[in-house]
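Residue numbers (my numbering), protein chains in the order written: chain A, 976 to 1463; chain B, 976 to 1463; chain C, 976 to 1463.
C-beta: ideal position from N, C-alpha, C; glycine also.
Right, one structure below, let's go through it.
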C-alpha cells in the first residue's frame, strides 16, 4: 500500500520502486534532435541541463559531435530517431524533404517543428511549416512548439524575454507530452489548439507589438493635429499679426501644450467604448448580441490607450517642471520685475490668477497620481494578484476619478478664456475647448447611467434579462468585459 | 523498456502507445457541465480550447446547443453526467435542489462548485454554497474552484486580472484532479485545504483589497490631522492675528506641507513594529511566544504602509516641483526684487539659508530615490527573483537608509525653527517637530540593538536560545519575519 | 474505457477509482521530517496545508508534539522514517552523523537536504552539505532543495520573496518527485542538474545581488571621478583663482552636473560591448568562436548597467527640477533684476541662450522618457510577455534612440563651450567633452555597420557563413545574444 500511495510523488512507472538507481538514471526520458545548427545545439544544451537524455541525428556525426554538449549522444540520423518518442526537427523548411528517408523509423512518433519562416517565406507559402512537415510524414504526429524561443534564451535559461511557448497539434496527448517537456525545461506552455493554428503560431515570432500599433498611431495622429493647431495659435499668429518672433517656443512650450491635450483625449477614449457598449445594450434590450467589430477592437485596446495617455501625461509633467529652468522664463521674470520698478508699482498680486494656478496645479498633480496607480495595476505581475472586483475597481472607478480630475485640471487651465474674444486667434478657439468635447460626453453619459431607471434596466440586461422581441444571436460574445456582476 | 520510460512524457495510459491517433483523440479527457449561463458557456469554450472533451447537460438541449461552441456536445442532463468523472455545476445556489434527480448518475463523481454568492447570500447563509451542494449529494466529492474567475477571463484566457484559482475539497485526489485541469486551462491552482475553507474562498471574489484597508485609513487619518494642524498654523493664524488672507495656500502649499509629514510618519511606522518585536523578544527572553495580535497584523501590513509612504513622498515631490510654476511664486519673486531696489540694496545673499536649502533638497531627492528602489522591489515579479537575503537587504537595510535620509530632510527643513518663539503660532509647535517623534524612537532603538551586548543576546534568542524560566507557548509563531539568520 | 481516460485527471493509482473516499484520504501521500526547529515546523505546516500527510521524527516526541500542527504525526525517528518515501532532513550539518542509526530504515529512500551553511561553514568545507549527507547514507538518494526558502515563506505561503526552489540530485526520478512536491506546495521548482551543483545551490541563499556588484561599483567609481573633476572645476578653481566661496554648490549643483555624466557614460557602456562583439566577428570572419571572457561578462551585465544609467538619469531629473526651489536660485534672480534696474536696462533677452536651453530641456525630457520605457520593459513580468523580436526592438532600437537623444542633450548643454578658452579652468576641458568620447564611438560604429558592404557581411556571418581559414572553436558560444535573425 505504501508503495502505491507514493507513486504520484516518486514515479510513473513501476520499474524504479524496486529497481536500482543506476538503471533509473539510464532510463531518463530520451529526446531526439535532427539538425546541428545554433538552435539544435542550444536545444541539446537545455535538454541535457533539464535532465533529459538527448540523441542527436546527424549525417556526419564525427564532425558534428564536438559542437554538442558531451552528455548528448551524436549518431547517424536513422539510429538517433529509433529510440526516442519525441524528436525535434531543427532544420530549415527547404530541407524537410531530405528527411523523407527516415519515414519508416519515424512512424508513430512525435515530431516537434521548431522552425520560424522568414517574412518572405511566411507570405509565399499558404501552408505553415508544421503542416508541410505533417504532409510529408503522415504517420507521425507533428507538434508546433518552441519557435518563439531564441537559441540564446534556450541556452541562458528563460529569464528575460519570453517564457511562454505556444504549442499546437492535432493530437492532444502529443501536445501534452511536449507541454510537459517545455515545463520541465523551465518554459510555460500555452495551448494554441490544433495544427491549423501553426500558421498563426509561426507568425507570432515576427509580430511586433501588434496591440500597440493602432493606439500608437492614434496618439501620434492626435499629437500632430494638436501640435499644428497650437503652432498656428501660439507661434504663427503672433508672427503674422503682431510681428513677434516666438519660434523659440517650438521645442518646449508648444510640445507642452500639446501633450496634455493628447493625454486627456486618449484618457476619454479609454472610457468612451464602455459608454457606447452600454448604450447599445440599452437600445437593443439584450446583451446576447455581438458588438460591431470596431467596438470590440476598441474595447480590447483600452489598456494600451490608457498607458499611452499616462505616458503623455508624465511627459507633460516633466516638461512643466522644466519650464522654470528655461532661460526665457528667467528673462521674463527679470523683465517683469524691471517693468514693475519702472512703473513705480510696489506690489504685484492678482488674487484670481493666484487661485486659478493653485487649483490648476493641484488637480494636475492629483490626476497624474491617480493615473500612475492605474498604470502600476496594469503591470502583469500586479494585475495577476488582484481579483476581478479589485481590478475593475481600480481600472474603472479610479480611472473615472482620474478623468474627472483631468477635466478639473483642464477647466482651471482654461478658466474664462473660452469667453474672451482676444483668445480666438485666427478665429480659432483655445485648444482646451476642443479637448473638452469627448470627456464631457463620457462624464455626462456615466452620470446618466447612474439614474435609477436606467441603471436598473442596464443591470437587468447584464444579468441576462431580455426585452421581448430583442433579436438574439447565438455566438458567445465578448461583452463580458463590461460586465461587473456575479457571473454564474 | 522504451515504451515505459517515455510514459511520463507521452501519456498516462497504455492505450495510445500502440493505439492509433484517431482513437486517442476521441479519448480526450471528458468534462461535464451543468448549466447554460454566461459562465457555463465561457467554461465550455475554454475547456474545448484546452483540448478537453466537453459534455453539457441541459433540460432543453435543442434550444441551448446553439449557444455553446460546436465542439461541445449538448445533451440531456442525465446523459451528460454519465460518462465524465468531473462535472462543473454552473447553476445558482437556489437551483441546486433541482439537480437532486441526478443523484444516482452522479454518485462517486467529482462536482466542481463554481458559484459566487451575492453579498446578501453570503451574509444570510452560514453554510457555503459548496458545503450546501455537498450536503445535497453525499455520495459525490465536491470541489470548490474557479469562483474567483470571471466569464470574461475564461474566454479571453488568463492575461490581465487574476490567474490564481483557489481550490478546496475534502478529497485530496479530487482536488489534485481539478488542480491539473485548472493548470491545463492556463490557470494557477492554489490549494486552500478542505471544504470548510469554501466559505472563505467564496468570500474571496468579493473582497476588495483587504490588506490595504487599514493602511489607507491610517494614511487618510494622518492626512486629515496634519492638514488641519497646518491649516491652523499657516492660514488661520495669519488671518486671525495678522488679518492676512492666505487662503490661496489651501490647494497646494498646505497640501505640500502635509504630504511629507504623512509620508515620514508612515515610513517610521513600517520600522516601528520590527523594533517592538525585538524588544518583546529581549524582554521575554525567548522567541517561542506568539506576539500579540495587533503586532502580528501590523507586521503583516508593513508593505502596504511602506508603499503608501512612497506614494505620499512622490506626490510631495510633484507638488514641490510645481511650486515655482505658481503665480504666487512669480509675484513673490517680483515683489522681492522691487523691494530690494526700493531699499537700495544691491546684493541679496544669506549664506545660512542657501546651505539649509541645498542640504534640504539633496537629502529629499536621495530619500525619494531610495524609497523608489524599495517600491520597485515590492513589485511581485521583482520580489520573486530575489532570494530571502536580497529581499531583506533591500527592504530593511535600504529602508533604514531611507528613514535616516528622511530624518535629515526633515531636520534641515526645520533647522533652528523649533527654537524660535515666533514659530510657535497659537502656541502650536512647528509641524515638523511632531513628525520627528516616532522616527527618532525607531532610529535610537535600532542603534541600541547594535550595541554588542544587546545584539548578541538578540541573535542568540533568534537562533532558538531561551532564558531560563521563559514562558513558552506551543504554537508556531510568525516572528520568523524579523529573523534574518540561517534558518535550519 | 471511461475509467482509463480519466486517470491523468483523477488519480495515478487504481485504488481510488473503485475505493471509497475515506480510504483515499488516509492514503494522502506521506512525507517525513527529521528535526524540530523553526524550519521543520514551518515545513510541516506548509505540507499539511498542501494536503500531504506528515510524520515527524523526534527523539522526544512527547515534548516536541505540541510545537507541530495537530494534523502532523510526531513519533520516534525510527517509526517516522519507515513509511514515507521522501524524508526531509531539517537538522544542522554537525548533527548529520547522529542520524546514522537510521541507515537501515532509510535505505532506498529519498532524503531532502534543506540545510544552509553559514558563510564560515561554506568556506571551511569543500564538500556541500548535501554531498556530505549522501556520503553518510550511500543507500539513499539525496536531493538538495528548499534551502533558499525561509521558514517565514514556508508558513505564509509564497507571495513576496522568492518562489523559485532550485533542486538538484543525481537521480532524475527523485528530483522529479521533489519537484512535484514543491509545485504542490506553491513553489516553482528549478532543475539545477546533478548533486555536484549542491555547493552552488547552497551558495545561492547567501548570494547578495551578484549581477549588480560590478555595475554598481562601476557607477560609483564613475560618480567619484566625475564628482572630483566637477568639484575642481566648479568650486576649487573659483576659490583658488577668484577667491569666491562656492562651496554651497556641493550638495546639489555639483551632484547634478555629475549625475548626467555618469548616466550618459553608463548608457554608452550598454551599447559598446555589442559594437565590440560585431567588430570581433567581422575581423575573425566567423561567429563560431567564443568571445573573450571579459566581453562575455560585459554582454551579460548590460541590463544592470542600463538600469543604473536610468536611475542616475532619473535622479538628475529630480535634482534639476529642484534647482528653482533653491534659495541661491531666488537670490540670483533677484540680484539679476536689481542689476538690470541699476544698469538702466529695460529688456533682457539673449535669443541664442533661449534656444540652447529649450533644445537642451526638450531633448533631456525625451531621453528620460525613452529610457523609462526601456526600464519598464526590463521588469520581469513585462519582459515575459514580449517575444524575442519585441524585446530586442525595445532594448536595442529604443535604447539607441535614447543614446542619440542623450547625445543631443549633452551637445546642446555644451553648445560652444568646448571652444571657449575661458571654460578651460586649470586647463581642464569642460566635463561634457569627456563624456562624449565613448557615446560618439558607439554611434559612429553603429552608423558604419549600416553601410551596405559591412552590414551584408555581418548578417552573413551571423547566419553561419565563415571566411575561409577562420579558426573555429567547438564550444557553443554566447554570441547568440547579439543575433537578431531567424534562429534555426
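May I have the straight-line CA-CA distance separating residue i from residue j, to the nearest angstrom?
i	j	result
residue 1428 (chain C)	residue 1300 (chain B)	53 Å
residue 1010 (chain C)	residue 1039 (chain C)	10 Å
residue 1030 (chain C)	residue 1114 (chain C)	21 Å
residue 1034 (chain C)	residue 1053 (chain C)	9 Å
residue 1136 (chain A)	residue 1128 (chain A)	Residue placement at residue 1136 (chain A) is flagged as unreliable, the pLDDT there being 48, under the threshold of 50; a coordinate-derived value is accordingly withheld.
residue 1196 (chain A)	residue 1183 (chain B)	38 Å
residue 1290 (chain A)	residue 1344 (chain C)	7 Å
residue 1162 (chain B)	residue 1165 (chain A)	11 Å
residue 1106 (chain A)	residue 1171 (chain A)	8 Å
residue 1247 (chain B)	residue 1014 (chain C)	26 Å
residue 1278 (chain B)	residue 1179 (chain B)	21 Å
residue 1147 (chain B)	residue 1141 (chain C)	26 Å
residue 1027 (chain C)	residue 1153 (chain C)	13 Å
residue 1419 (chain A)	residue 1257 (chain A)	16 Å
residue 1099 (chain B)	residue 1092 (chain B)	10 Å
residue 1240 (chain A)	residue 1378 (chain A)	10 Å
residue 1437 (chain B)	residue 1095 (chain C)	19 Å
So residue i is in the beta strand (DSSP E); what residue range does that whole segment cover?
i	result
residue 1163 (chain A)	1163-1166
Check residue i in the structure and name its three-state DSSP category.
i	result
residue 1144 (chain B)	strand
residue 1139 (chain B)	strand
residue 1398 (chain C)	helix
residue 1124 (chain C)	coil
residue 1048 (chain A)	strand
residue 1169 (chain C)	coil
residue 1354 (chain B)	coil
residue 1361 (chain A)	coil
residue 1000 (chain A)	Any reading at residue 1000 (chain A) is ruled out, since the residue's pLDDT is 40, under 50, leaving its predicted position unreliable.
residue 1175 (chain C)	helix
residue 1330 (chain C)	helix
Check the DSSP bridge columns for residue i and list the partner residues they point to.
i	result
residue 1028 (chain B)	B:1005
residue 1086 (chain C)	C:1062, C:1117
residue 1403 (chain A)	A:1400
residue 1033 (chain A)	A:1051
Within 10 angstroms of its Cβ, does residue i collect 16 or more other Cβ (buried), or is it exposed?
i	result
residue 1355 (chain A)	buried
residue 1324 (chain A)	exposed
residue 1199 (chain C)	exposed
residue 1385 (chain B)	buried
residue 1059 (chain A)	buried
residue 1372 (chain C)	exposed
What is the residue span of the alpha helix (DSSP H) that residue i lies within?
i	result
residue 1304 (chain B)	1302-1317
residue 1099 (chain B)	1094-1099
residue 1269 (chain A)	1268-1275
residue 959 (chain C)	Nothing can be reported for residue 959 (chain C): it is not among the residues displayed for chain C, which extend from 976 to 1463.
residue 1210 (chain C)	Counting along the chain, residue 1210 (chain C) falls outside any alpha helix (DSSP H), and DSSP gives it neither H nor E.
residue 1109 (chain C)	1104-1111
residue 1231 (chain A)	1230-1259
Using a Cβ-Cβ cut-off of 9 Å, state whether residue i counts as contacting chain D.
i	result
residue 1166 (chain B)	This model lacks chain D altogether, as its protein chains are A, B and C.
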